[in-house]
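Peer 1: Once you've had a glance at the structure underneath, I'll fire off some questions.
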Amino acid sequence: MRKIDLVHYYESIAQWMLPHLKNRPVSLVRAPTGITGQLFFQKHPESKMPAMKELDPALWPEHAALLAVDSVEALVSAAQMNVVEFHTWNSKIARINQPDRFVLDLDPGEGVTWPMLQEAAELTRVMLSELGLESWLKTSGGKGLHVVVPITPKLGFDEVKAFSQAVVKHMARVIPSKFVAVMGSKNRVGKIFIDYLRNGHGQTTACAFSARSRPGMGVSMPVAWDQLRELKGGAQWTIATAREYLSFQKEDPWSGYWKKRQAITRAIKLLA
DNA sequence: GGCTGCT
DNA sequence: AGCAGCCAACGCAGT
DNA sequence: ACTGCG
Ligand SMILES: [Mn+2]
Ligand SMILES: [Mn+2]
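Position 172, counted from 1, in the first sequence is what full-length UniProt numbering calls 172; the numbers after and before it change by one each time, with no gaps.
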């Protein structure tokens, strides 16, 4: 895959991706010698990234300024600077310490089949639904799936993260054959780790429409829940195929996500 | 890939 | 002008 | 104190 293919990909999907990047700090995964070479992670601006926005350093005291991408130009110029992946915070600049969503990142352990992951995602949706929370699904662009839960920004990162951990612990307790709540790959074999650790302050998850720096260059694609059973994998869409797929989509499968207002306060009590 | 400093 | 070397995050979880 | 992790 050539750099120009990546640049063209981001240019072509910018209209869909920019709403997901808007007003959020972003971290970058860069691949100056290609995705088979050494990658590095970048959180702070460097002198020559003209179109990218440098955020107020006060957003994260004791650290250098964070970055944001708020235009097609910034997205394309980043790709020209070998940025492959864009990872976003779960809060927006206006309420930087109050996340407006949390993510359950379904990470399959060794030996987990795709149908098992599909079933796990459906179980996650049902669990959240029983807690009164509506969620949205996207492919990760890698091996797994991301379940995203928008919330009204009110509680802090520690509380939201603790709640997300409680959800995962509950699922691992009810269905221990399928889920684990701890990260280590050791007892993850044949099971799915639901990574709640993405929900801490300053933590990030691959943004919707971000490419991934893996062979094949999958992309994170938002889908409707009723597409889950026909999905073929976490990297079903790639930088080579996403544009054509999107050209046939009439409706945003996440149209409800943008307007959703829901709180986790009741769900916290239900789980306690 | 951009920047700095050395030759 | 050309080139070599260096740089580009961070904190939590678990042991 | 140390490593693995994303
Ligand atoms: Mn994942
Ligand atoms: Mn993960």
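Glycine included, each C-beta is placed from N, C-alpha and C at the ideal position. What you are looking at is a predicted structure, and each value in this text was computed from that prediction instead of being measured.
For D226 and A58, what's the separation of their Cα atoms in angstroms?
Peer 2: Rounded to whole angstroms, D226 to A58 spans 42 Å at the Cα level.
Peer 1: Could you check if N82 is buried or exposed, using at least 16 other CB atoms within 10 Å of its CB as the buried criterion?
Peer 2: Answer is buried; the Cβ neighbour count reaches 16.
Peer 1: How many whole angstroms separate the CB atoms of L67 and M52, which I take to be in contact at a CB cut-off of 8 Å?
Peer 2: About 5 Å separates the two Cβ atoms, so the contact holds.
Peer 1: Kindly examine ligand 2 and report whether one of its heavy atoms sits closer than 8 Å to the Cβ of L197.
Peer 2: The answer is yes for L197.
Peer 1: Here's the rule: buried if 16 or more other CB atoms are within 10 angstroms of the residue's CB, otherwise exposed. What is P61?
Peer 2: Counting Cβ neighbours within 10 Å, P61 comes out exposed, since fewer than 16 surround it.
Peer 1: Using CA coordinates, which residue listed in L155, K22, V69, N23 is at the minimum distance from P45?
Peer 2: Of the candidates L155, K22, V69, N23, the one whose C-alpha sits nearest the C-alpha of P45 is V69.
Peer 1: Reducing DSSP to helix, strand and coil, say where V7 ends up.
Peer 2: Reduced to three states, the DSSP call for V7 is helix.
Peer 1: Could you please give me the residues that DSSP links to K138 through a beta bridge?
Peer 2: DSSP, once it has assigned bridges, lists H146, P222 as partnering K138.
Peer 1: Taking three-plus beta-carbon pairs below 8 Å as touching, is the region 200 to 216 in contact with the region 77 to 94?
Peer 2: As far as the Cβ criterion goes, the region 200 to 216 touches the region 77 to 94, which means the pair count is three or higher.
Peer 1: Per the DSSP calculation, H44 is bridged to which residue(s)?
Peer 2: DSSP, once it has assigned bridges, lists no residue as partnering H44.
Peer 1: Note down the Cα distance separating T36 from R214, rounded to an integer number of angstroms.
Peer 2: If you take the alpha carbons of T36 and R214, they lie about 8 Å apart.
Peer 1: Out of R266, L197, L128, point me to the one whose CA is closest to K161's CA.
Peer 2: Minimum Cα distance to K161 is reached at L197.
Peer 1: Quick check on this structure: which residue in A224, I268, S220 has the alpha carbon closest to the alpha carbon of H20?
Peer 2: It is S220 whose Cα lies nearest to the Cα of H20.
Peer 1: Let me know if Y245 comes out buried or exposed under the rule of 16 or more other beta-carbons within 10 Å of its beta-carbon.
Peer 2: Answer is exposed; the Cβ neighbour count stays below 16.
Peer 1: Run through the region 80 to 134 for me and flag every whole alpha helix (DSSP H) of 4 or more residues, listed as ranges in chain order.
Peer 2: Counting only runs of 4 or more, we get 114 to 130.
Peer 1: Measuring only from the beta carbon, is F193 closer than 8 Å to any heavy atom that is part of ligand 2?
Peer 2: Answer for F193: yes, Cβ within range of ligand 2.
Peer 1: Any chance you could list the alpha helix (DSSP H) runs of at least 4 consecutive residues sitting entirely within the region 197 to 251, in chain order?
Peer 2: 242 to 247, all fully within the region 197 to 251.
Peer 1: Using 8 Å as the threshold, is the region 253 to 263 in touch with the region 144 to 157, meaning 3 or more CB pairs across them?
Peer 2: The region 253 to 263 vs the region 144 to 157: in contact.
Peer 1: Taking 8 Å as the line, does the beta carbon of D158 fall inside it for any heavy atom of ligand 2?
Peer 2: No; taking the cut-off as 8 Å, the Cβ of D158 has no heavy atom of ligand 2 nearer than that.
Peer 1: Does the distance between the C-beta of Q186 and the nearest non-hydrogen atom of ligand 1 fall short of 8 Å?
Peer 2: Note on residue identity: the sequence assigns Lys, not Gln, to residue 186. Incorrect: K186 has no Cβ contact closer than 8 Å to ligand 1.
Peer 1: Rounded to whole angstroms, what's the CA-CA distance from residue 273 to A166? Just pull it up for me.
Peer 2: An answer regarding residue 273 cannot be provided, because it is not within the stretch 1 to 272 covered by the chain.
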